[in-house]
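In the numbering used here, the protein residues as written are 11 to 161.
Glycine included, C-beta positions come from ideal geometry on N, C-alpha and C.
Computed from a predicted structure; not experimentally measured.
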Amino acid sequence: MREVPLLVSSCLAGVPCRYNGKAKTDPQIAEAVASGAAIAACAEVLGDLPTPRPPAEILGGDGNDVLEGHAKVLAINGEDLTQAFISGAQKVADLAAENGITEAILQDRSPSCGCGAIYDGSHSGTLVEGDGVLAALLKRRGLSVSTRRGQ
Numbered sequence: 011m012r013e014v015p016l017l018v019s020s021c022l023a024g025v026p027c028r029y030n031g032k033a034k035t036d037p038q039i040a041e042a043v044a045s046g047a048a049i050a051a052c053a054e055v056l057g058d059l060p061t062p063r064p065p066a067e068i069l070g071g072d073g074n075d076v077l078e079g080h081a082k083v084l085a086i087n088g089e090d091l092t093q094a095f096i097s098g099a100q101k102v103a104d105l106a107a108e109n110g111i112t113e114a115i116l117q118d119r120s121p122s123c124g125c126g127a128i129y130d131g132s133h134s135g136t137l138v139e140g141d142g143v144l145a146a147l148l149k150r151r152g153l154s155v156s157t158r159r160g161q
């Protein structure tokens, strides 16, 4: 077992916390959480968003732009979820710090967890280069962040 656990997206560990109320289980990640080698967290749930919830995307940039106040996270219905995404990301980043975590494996393309590619804010399925809010914050705090697509 690793001495320092990984941080992983809860949905990859089998927790049904995605916007649509489902999980995106990755069996290896679920096993890592079960064995204590990983800690699962969901920034959107920790930001007090309900499950299920309308899908959201970053409009006007990526997670770094959201953290700097230059972009917003908007639900498909137009609701501004920016503060919830920032709050949840801060809670997950604090959890990582409290546990000495240096590496995270997050759900790909998510407005929270996406690393390297996220949706463009148009809700059209178009991907653009960039990081989600949580991924951006974790990188700012020095963590190694990668993504994985669950089942």
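query                                                                                                                                                                 : result
Roughly how many whole angstroms lie between the Cα atoms of M11 and S154?                                                                                            : With a pLDDT of 47 at M11, under the threshold of 50, the predicted position of this residue should be treated as unreliable, and no value is reported.
Please go through the stretch 48 to 102 and give each complete beta strand (DSSP E) segment of 3 or more residues, from N-terminal end onward.                        : 48 to 51, 66 to 69 and 82 to 85
What separation, rounded to the nearest whole angstrom, lies between the Cα atoms of K149 and I115?                                                                   : 12 Å
Sorted by chain position, which residues of the same chain lie with C-beta nearer than 6 Å to E113's C-beta, five sequence neighbours on each side aside?             : L16 and S154
Does the count of Cβ pairs from the stretch 33 to 49 and the stretch 89 to 98 closer than 8 Å reach three?                                                            : no
Let's test the definition: count the other Cβ atoms within 10 Å of the Cβ of D141 and tell me whether it reaches 16, buried, or not, exposed.                         : buried
Evaluate E60 with the Cβ neighbour count: other Cβ atoms within 10 Å of its Cβ, from every protein chain shown; 16 or more gives buried, anything less gives exposed. : According to the sequence as given, residue 60 is Pro; it is not Glu. So P60 counts as exposed.
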